[in-house]
Each structure stands twice: as structure tokens, then as C-alpha cells.
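Q: Sending over a structure as C-alpha cells; questions will come in a sec.
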Amino acid sequence: MFSNEKDWGGIFVYKSHVSFEFSEGFKLNDPNKLLQGTGKKRRHLKIYSLSDIPEKKVAFFVKQVLALN
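Read in order, the letters of the sequence shown are residues 1 to 69 in this note's numbering.
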């Protein structure tokens, strides 16, 4: 889990991918519709390879979360 004053996300490992999750992902600007999830708050990015990290703009979303906190 990642946190500042409160938990804001985490990395979770699955058999075929790694999930980068954002606790309040519903608040994030996602112009390319990269975030997955349909729950009330949490959104995630599924990472299948190292090349997915820049392609799915992980840094873009992390910067937004840090600005919100």
C-alpha cells in the first residue's frame, strides 16, 4: 500500500498481471479511459509487462493522486 496521511493506492500481484490500484480513482482525470473498475471509488491499471508502465501513464495518475493528498 502507498500512503501519505491516508492510503491512496497499492500494487497487487496476480498470476498474469500486476494491478496498480488507486483508492479514490474515481476522482482522477482519465482522458484516455485507461483506468479500469466500476466500483464507487477504486480504479486500477492492469500491468502485464514493463512497457505497460509508460503506455498506461502510471506516473500521470500517481502525480494526480499526490496533488489530491
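The beta-carbon is built from N, C-alpha and C at its ideal position, and this holds for glycine as well.
1) Using CA atoms only, rank isn't needed, just tell me which of TYR14, GLY39, LYS15, SER16 is closest to PHE22.
2) For LEU66 and MET1, I'd like the C-alpha separation in whole angstroms.
3) Can you list, in chain order, the residues of its chain with a C-beta nearer than 6 Å to that of GLU24? Leave out the 5 residues immediately preceding and following it.
4) At 3 residues or longer, what runs of the beta strand (DSSP E) sit wholly inside the segment 10-36?
5) Nearest-angstrom Cα distance between LEU51 and HIS17?
A: Let's see:
1) As a position in the sequence shown, residue 22 is number 22, starting the count at 1. Nearest C-alpha to PHE22: GLY39.
2) Within the sequence shown, residue 66 is the residue found at index 66, counting from 1. Within the sequence shown, residue 1 is the residue found at index 1, counting from 1. Those two C-alpha atoms are separated by around 14 Å.
3) If you number the sequence shown from 1, residue 24 lands on position 24. Only LYS41 meet the Cβ criterion.
4) 18-22
5) As a first step, residue 51 is located in the sequence shown; it is residue number 51 there, counting from the start. As a first step, residue 17 is located in the sequence shown; it is residue number 17 there, counting from the start. Per the sequence shown, the amino acid found at residue 51 is Ser instead of Leu. So the two alpha carbons sit approximately 13 Å from each other.
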